[in-house]
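Colleague: These protein sequence lines are chains A and B, in that order. Every number in this note's numbering is 2 more than the matching position in the first sequence, counting from 1. Every number in this note's numbering is 158 more than the matching position in the second sequence, counting from 1.
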Amino acid sequence: GENVEQHPSTLSVQEGDSAVIKCTYSDSASNYFPWYKQELGKRPQLIIDIRSNVGEKKDQRIAVTLNKTAKHFSLHITETQPEDSAVYFCAALNKEYGNKLVFGAGTILRVKS
Amino acid sequence: GAVVSQHPSRVICKSGTSVKIECRSLDFQATTMFWYRQFPKQSLMLMATSNEGSKATYEQGVEKDKFLINHASLTLSTLTVTSAHPEDSSFYICSARDLAGGNTDTQYFGPGTRLTVL
Chain A
3 GENVEQHPST LSVQEGDSAV IKCTYSDSAS NYFPWYKQEL GKRPQLIIDI
53 RSNVGEKKDQ RIAVTLNKTA KHFSLHITET QPEDSAVYFC AALNKEYGNK
103 LVFGAGTILR VKS
Chain B
159 GAVVSQHPSR VICKSGTSVK IECRSLDFQA TTMFWYRQFP KQSLMLMATS
209 NEGSKATYEQ GVEKDKFLIN HASLTLSTLT VTSAHPEDSS FYICSARDLA
259 GGNTDTQYFG PGTRLTVL
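Here is the structure:
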């Protein structure tokens, strides 16, 4: 089955700096890669996603890049703000396995003001 | 659009009792819902896939007789934790896909249910 690894486990940045979180996946058949933001005690919120037929996607301060050959994808947050502090999860979806999402272990992002 | 609700948000029960958690898709129909468990400072682990009108499919290591899932309508799935024990204390989250929406792969999550078993 699919295995998703996520790094780093914690990330501290100064307000205004950029943050990058990286994930790798194992199954080349996975074709959908969402990123979720979860605040303490709350539900995961989708912030951006990318499909395997696209190499990059951007939405304001957030961007995701995908390298299918290397089987890794990354989340980029620019001009970080204190409200960006949360846990971020990457995930991979494989339609051959019942459309199940496999999540990475998560990254705690702290933006220091 | 694509709102998922869960009830209750928090529940405290005694060891040995059963607890039912409801997951509802409020503005769309969901033939498939997913149930996750999240322990403190850990990731979301898929427990089972709930299929409307048929049996749920459970992930390896999840006891189907302990975690009963019923998906009787296109907007409601329930998870019953039977004979709960302290080790079942966790954050239970459901999700659903809006197959009629523009992005059929996206899973929308409920707000979660914090279960504490004393």
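Just so it is clear, CB atoms sit at the ideal spot from N, CA and C, and this is done for glycine as well. None of the values given here were measured: they were computed from a predicted structure.
Does A/Lys60 have its Cβ less than 8 Å from a Cβ in chain B?
Modeller: no
Colleague: Name the one or two DSSP bridge partners that A/Pro36 has.
Modeller: A/Asp51
Colleague: At least one CB of chain A closer than 8 Å to the CB of B/Gln187: is that the case?
Modeller: Closer than 8 Å: no.
Colleague: Between which two residues does the beta strand (DSSP E) harbouring B/Thr271 extend?
Modeller: Thr271 to Val275
Colleague: What are the boundary residues of the beta strand (DSSP E) that includes B/Ser163?
Modeller: Val162 to His165
Colleague: Taking 8 Å as the threshold (beta carbon to beta carbon), is A/Leu68 in contact with chain B?
Modeller: no
Colleague: So if I threshold CB-CB distances at 9 Å, which residues from the segment 91-107 of chain A count as touching chain B?
Modeller: Sequence-ordered contacts of the segment 91-107 of chain A with chain B read Phe91, Ala93, Leu95, Lys97, Gly100, Asn101, Lys102, Leu103, Val104, Phe105, Gly106 and Ala107 [C-beta pairs closer than 9 Å].
Colleague: With H, G and I counted as helix, E and B as strand and the rest as coil, what does DSSP make of A/Asp61?
Modeller: strand
Colleague: Does chain B have any CB closer than 8 Å to the CB of A/Leu42?
Modeller: no
Colleague: Counting only beta-carbon atoms, is A/Asp51 nearer than 8 Å to chain B?
Modeller: Put simply, the CB of A/Asp51 is near chain B, with a gap under 8 Å to one of its CB atoms.
Colleague: For the segment 18-46 of chain A, list every residue whose C-beta sits within 9 Å of some C-beta in chain B, in sequence order.
Modeller: Asn33, Tyr34, Pro36, Tyr38, Gln40, Gly43, Lys44, Arg45 and Pro46
Colleague: If you draw a straight line from the C-alpha of A/Glu17 to the C-alpha of A/Lys114, how long is it?
Modeller: 5 Å
Colleague: Excluding the 5 residues preceding and the 5 following B/Leu232 in the sequence, name in chain order all residues of the same chain whose CB lies nearer than 8 Å to its CB.
Modeller: Ser183, Gln187, Ala188, Thr189 and Glu210, listed in sequence order.
Colleague: Against A/Leu48, what residues of chain B qualify as contacts under a CB-to-CB distance less than 7 Å, listed in chain order?
Modeller: Thr264
Colleague: How long is the line joining the alpha carbons of B/Ser176 and A/Gly100, rounded to whole angstroms?
Modeller: 29 Å
Colleague: Could you confirm whether any beta carbon from chain A is found closer than 8 Å to the beta carbon of B/Phe267?
Modeller: yes
Colleague: Since B/Glu180 is in the beta strand (DSSP E), which residue starts that stretch and which ends it?
Modeller: Val177 to Ser183
Colleague: Starting from the C-beta of A/Val15, find all residues in its chain whose C-beta is less than 8 Å away, skip the five residues before and the five after it, and write them out in chain order.
Modeller: Ala21, Thr82, Leu111, Arg112, Val113 and Lys114
Colleague: For A/Ser54, collect the residues of the same chain with a Cβ closer than 8 Å to its Cβ; drop the 5 residues on either side in sequence, then sort them by chain order.
Modeller: Ser32, Asn33, Tyr34, Phe35, Leu68 and Lys70
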